[in-house]
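Worksheet: the structure to be examined is printed underneath.
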Amino acid sequence: MSDHLVITIGRECGSGGRHIGKMLAEELGIKCYDKELLNLAAKESGLCRELFESHDEKPTNSFLYSLVMDTYSLGYTNSAYRDMPINHKIFLAQFDTIKKLATEESCIIIGRCADYALADFPNVVTVFVTADDDVKIHTLMERHKISESEAKDMMIKTDKRRSSYYNYYSNKRWGDTRSYDLCLNSSKVGLDGAVQIIRSFADLKIAHKNRK
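In terms of the working numbering, the sequence shown is numbered consecutively and its last residue is 839.
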């Protein structure tokens, strides 16, 4: 099992979780994988990248849709994967890529059930980032140049999608404090403060583990 430090970050829409991950990665001198994970999973699996984009953190329960989309897959079609719906193939391809990354390097992985995929890895720190609704809405308004009502709608729909994806594929609940090592509110400490809290927590967790 790998001894690399891997920090996984689940995040609410507008909480700054992705930015926190990138800032932390830069400070630690390691890579942060967000959308980059889609390229790697596509390359490793032989599936079309467009499939990963269309299914990114989106559970698909429609069997008919899965059958139609499965005609576009290029890989993962032999033996165990042949009869599997395409959305499950996409998840497993990302699942395998996440585990491969964790065995090869220290890194930060944003979303995509990475904490669930790496549950058996010893040096993994699982984090969930939230923020106050007014702060998240303001952040989305500024980032996307949209109205307050549009930002609120984006926040609600994105979080619902991420929650459904996480709850569908993992055995835990998205945003539940029991699902993560550390949960923090970025609107209370700022992005820089969140980076320092996560880094300090990771150091303490690894040190505590090594003393056992």
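Quick reminder that beta carbons are idealized off the backbone N, C-alpha and C, glycines included.
About 6 Å separates the beta carbon of Cys740 from that of Tyr793, a gap short enough to meet the 8 Å contact definition. For a cut-off of 8 Å, the C-beta gap from Ser790 to His631 is around 28 Å, too long to register as a contact. Distance check between Thr724 and each of Glu677, His835 and Leu664 places Leu664 closest, using alpha-carbon atoms only. No Cβ-Cβ contact shorter than 8 Å links Phe718 with Tyr807. Residue pairing of Ile737 in beta bridges, as defined by DSSP: Ile636.
Under the three-state reduction of DSSP, Tyr807 is assigned to coil, being neither helix nor strand. For Phe748, no alpha helix (DSSP H) run applies, since DSSP gives it neither H nor E.
At the C-beta level, Leu678 and Ile713 come within 8 Å of one another. Taking all protein chains shown into account, Val816 has fewer than 16 neighbouring C-beta atoms within 10 Å of its C-beta and is therefore exposed. Taking a 10 Å sphere around the C-beta of Arg638, we find 16 or more other C-beta atoms and assign the residue as buried. Spanning the alpha carbons of Ala669 and Leu728 requires a straight line of approximately 14 Å. Judged by DSSP secondary structure, Lys716 falls within the alpha helix (DSSP H) whose first and last residues are Ile713 to Glu731.
Collapsing the DSSP output to three states places Lys658 in a strand. Rounded to the nearest whole angstrom, the C-alpha separation of Met650 and Lys716 is 31 Å. In the three-state scheme derived from DSSP, where H, G and I count as helix and E and B as strand, Asn837 is classed as helix.
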